[in-house]
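Visitor: Line by line, the protein sequences give chains A and B. Per the numbering used here, residue 49 is the first one in the first sequence, and the count goes up by one each step. Per the numbering used here, residue 49 is the first one in the second sequence, and the count goes up by one each step. Think of the CB as a built atom: it goes at the ideal place given N, C-alpha and C, for glycine as much as any other residue. Provided herewith is a single structure, encoded as structure tokens, for subsequent inquiry.
There are 2 protein chains.
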Amino acid sequence: MILLTLAYRGTLFSGYQVQPGKRTVQGCMQDAIENIYGIRYPVVGCSRTDAGVHARDFKMTFSPDGHNAPNIPPMRIPAALNAALPDDIAVLSAEVVPTSFHVRHDVYEKEYEYLIYNSPVRSPFMTDMAYHYRHPLDMGAMENAADAFLGTHDFRGFMASGSDIADTVRTVRRVSVLREGDLVRIRISADGFLYNMVRIFVGTLLAVSEGKIHAADLPDIIASCDRSRAGMTVPACGLYLSHVIFSKPNTQREEETG
Amino acid sequence: MILLTLAYRGTLFSGYQVQPGKRTVQGCMQDAIENIYGIRYPVVGCSRTDAGVHARDFKMTFSPDGHNAPNIPPMRIPAALNAALPDDIAVLSAEVVPTSFHVRHDVYEKEYEYLIYNSPVRSPFMTDMAYHYRHPLDMGAMENAADAFLGTHDFRGFMASGSDIADTVRTVRRVSVLREGDLVRIRISADGFLYNMVRIFVGTLLAVSEGKIHAADLPDIIASCDRSRAGMTVPACGLYLSHVIFSKPNTQREEETG
């Protein structure tokens with residue numbers, strides 16, 4: 049089995065998952081793999097990002113193990129696939145993993161970053177790459193508020209309404225709110241995320257900056273599991289899947305099975 | 049007369065200057081100004097950037113002085129124009145300047161920055177925003193070589209062939225070659241630039257990194273005024289007009305005439 053690391057700009061994709069008649073990351077990857085192997089292999093991705101969401105470190109597996117499959121050395125795979133892929137996806141690396149590996153079940157931690165371009169005037173260079181927020185942000189209030197999300201909580205109130213998922217408890221391991229010039233980077237690392245959880249988390253921090261939600265009330269708001277008490281869902285264009293860590297290093301896995 | 053500071057992403061423009069049937073920066077600005085003033089005023093730009101070239105600090109003037117012109121306070125002009133402009137142009141500021149001011153003739157210095165994305169694999173986030181150069185760059189050699197461009201020289205050998213311009217002497221005041229992760233920023237400040245001068249300057253630095261041109265030969269290559277001895281013209285997508293300085297501060301001008 050081959051594990052690929054991808055980066056993609058989500059702007060022109062209808063999200064990760066294949067949908068009939070739509071341009072998707074999964075569809076483009078299956079096309080490119082078919083292009084170089086001559087066989088249409090299924091691919092499995094580490095998460096199903098929404099339309100417009102970007103990824104800097106997306107993980108994907110496929111198993112080119114039919115008896116007719118060409119044996120392409122892993123170090124040659126990125127260049128071969130990149131030549132067959134459009135400009136808004138790139139394969140950064142490829143490695144062999146044991147067939148026991150699962151790119152979604154074996155995730156130990158994911159990090160998302162949300163980018164806000166915080167300036168009175170939009171930037172032509174940030175269109176669809178960050179959320180443009182015109183008003184000054186209260187960085188101190190946002191930093192303090194973010195800490196309320198740390199730890200293990202039922203995050204049902206920070207999930208898009210309409211999702212039906214049994215287990216809504218997640219553990220948030222790290223959060224940070226940083227300013228670099230006009231860019232504000234909000235990072236959150238957890239063992240997993242509910243649907244729209246990061247975008248509602250960021251919308252809630254913006255509500256704190258605007259004085260609409262008090263940071264001291266956040267533990268109560270989280271505990272209430274009430275979606276209507278959290279902030280708005282900020283746009284997809286600012287969201288980046290920025291890091292994925294597996295439960296055991298892949299190299300160790302290779303030794304285990306080798 | 050109103051002096052505007054603009055930023056634009058050049059990717060989808062056929063350059064600055066109006067051309068029939070083409071999408072240009074000048075044309076879009078005239079449309080937006082007509083939209084808010086109801087009159088199509090001519091605009092004058094500080095330079096005529098090529099198709100694909102970006103600007104972070106482009107200067108432009110227009111004179112909304114017909115007797116029917118609405119009197120829009122300068123501080124309101126950016127928001128009004130931005131609402132009428134597409135996402136790939138933004139008006140950053142507007143100020144009043146005396147009618148004696150000329151946005152091209154009164155330029156004291158311009159700075160261009162050329163961005164190279166230097167990594168074996170392309171970045172989906174840098175498409176059309178930087179030149180993708182796959183091979184490792186010899187930063188030390190490029191830094192040393194860049195210094196040969198400092199000072200007053202006849203740069204005819206660093207001009208696109210076919211340009212007919214009488215005076216090809218320019219004074220380069222500062223050059224720098226900096227790496228930030230995978231991004232290499234090459235900056236050059238001068239009293240003026242010949243057509244494609246920055247792109248040939250960068251192509252020459254790449255030829256030095258590749259060992260095709262020796263840094264020690266650069267003074268001779270410049271003095272030869274022979275285009276064929278300089279490096280290639282690198283693509284437009286990496287080029288940014290990054291700073292424009294006028295010969296006297298505008299505030300001082302206002303005092304002088306006020």
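Would you mind giving the Cβ-Cβ distance between residue 84/B and residue 132/B, rounded to the nearest angstrom? I have them listed as a contact below 8 Å.
Guide: Mapped onto the second sequence, residue 84/B falls at position 36. Mapped onto the second sequence, residue 132/B falls at position 84. Rounded, the Cβ-Cβ distance is 6 Å, consistent with contact.
Visitor: Excluding the five sequence neighbours on either side, which residues of its own chain have a C-beta within less than 6 Å of the C-beta of residue 304/A, listed in chain order?
Guide: Sequence index remark: in the first sequence, residue 304/A carries index 256 (1-based). Interpretation of residue 304/A is limited by its pLDDT of 38, a score under 50 that renders its predicted location unreliable; the figure taken from the coordinates is listed afterwards. Cβ neighbours of residue 304/A beyond the five flanking positions: none.
Visitor: Based on the DSSP secondary-structure assignment, which residues constitute the bridge partners of residue 179/B?
Guide: Walking along the second sequence from the start, residue 179/B turns up at place 131. Partner(s): 164/B.
Visitor: Residue 159/A: which of 232/A, 238/A, 273/A and 281/A sits nearest, CA to CA?
Guide: Along the first sequence, read from residue 1 onward, the residue named residue 159/A stands at position 111. Closest by alpha carbon: 238/A.
Visitor: Cα separation between residue 110/A and residue 217/B?
Guide: The residue given as residue 110/A occupies position 62 in the first sequence. The residue given as residue 217/B occupies position 169 in the second sequence. In a straight line, the C-alpha of residue 110/A is about 59 Å away from that of residue 217/B.
Visitor: Quick one: is residue 105/A near chain B, going by C-beta distance under 8 Å?
Guide: Reading the first sequence from its first residue, position 57 is the one you call residue 105/A. No, residue 105/A lies away from the interface with chain B (no Cβ there is under 8 Å from its Cβ).
Visitor: What are the boundary residues of the beta strand (DSSP E) that includes residue 206/A?
Guide: Taking the first residue of the first sequence as position 1, residue 206/A is located at position 158. Note, residue 206/A: premise wrong, no beta strand (DSSP E); not H, not E.
Visitor: Is residue 108/B helix, strand or coil when you go by DSSP?
Guide: Position 60 of the second sequence holds residue 108/B. Strand.
Visitor: Measure the alpha-carbon distance for residue 231/A versus residue 222/B and round it to whole angstroms.
Guide: The residue you call residue 231/A lines up with position 183 of the first sequence. The residue you call residue 222/B lines up with position 174 of the second sequence. Roughly 28 Å separates the two Cα atoms.
Visitor: What are the start and end residues of the beta strand (DSSP E) that includes residue 53/A?
Guide: Sequence index remark: in the first sequence, residue 53/A carries index 5 (1-based). Start and end: 50-56.
Visitor: What are the boundary residues of the alpha helix (DSSP H) that includes residue 266/A?
Guide: Against the first sequence, residue 266/A aligns to sequence position 218. Residue 266/A -> alpha helix (DSSP H) spans 266-272.
Visitor: Residues of chain B with a CB under 7 Å from the CB of residue 99/A: which are they?
Guide: Within the first sequence, the letter at position 51 stands for residue 99/A. Those do not exist, as residue 99/A stays about 15 Å from chain B at its closest Cβ, beyond 7 Å.
Visitor: Tell me which residues of the segment 145-172 of chain A have at least one Cβ-Cβ distance to chain B shorter than 7 Å, keeping chain order.
Guide: The residues in question are 169, 170, 171 and 172.
Visitor: Determine whether the beta carbon atoms of residue 292/B and residue 105/B lie at a separation below 8 Å.
Guide: Here residue 292/B corresponds to residue number 244 of the second sequence, with the count starting at 1. Here residue 105/B corresponds to residue number 57 of the second sequence, with the count starting at 1. Yes, these two residues count as a Cβ contact at 8 Å.
Visitor: Is it right to say residue 82/A is buried, meaning 16 or more other beta carbons lie within 10 angstroms of its own, or is it exposed?
Guide: Mapped onto the first sequence, residue 82/A falls at position 34. Exposed, by the Cβ-count rule.
Visitor: Is it a yes or a no for the segment 195-212 of chain A touching the segment 132-152 of chain A, going by three-plus beta-carbon pairs under 8 Å?
Guide: No, because fewer than three Cβ pairs between the segment 195-212 of chain A and the segment 132-152 of chain A fall closer than 8 Å, the two stretches do not touch.
Visitor: For residue 257/A, which option in 192/A, 213/A, 67/A and 241/A has the closest C-alpha, if you only look at C-alpha atoms?
Guide: By one-based count along the first sequence, residue 257/A stands at place 209. Here the closest residue by C-alpha is 192/A.
Visitor: Per the contact definition of three or more C-beta pairs closer than 8 Å, is the segment 93-103 of chain B in contact with the segment 274-291 of chain B?
Guide: In short, these stretches touch, since the Cβ pair count reaches three.
Visitor: Using the rule of at least 16 other Cβ atoms within 10 Å of the residue's Cβ for burial, across every protein chain shown, is residue 170/B buried or exposed?
Guide: Counting from one through the second sequence, the residue named residue 170/B turns up at place 122. Flag for residue 170/B reads buried.
Visitor: DSSP on residue 258/A, reduced to helix/strand/coil?
Guide: Position 210 of the first sequence, counted from the first residue, corresponds to residue 258/A. DSSP places residue 258/A in coil when its eight states are reduced to three.
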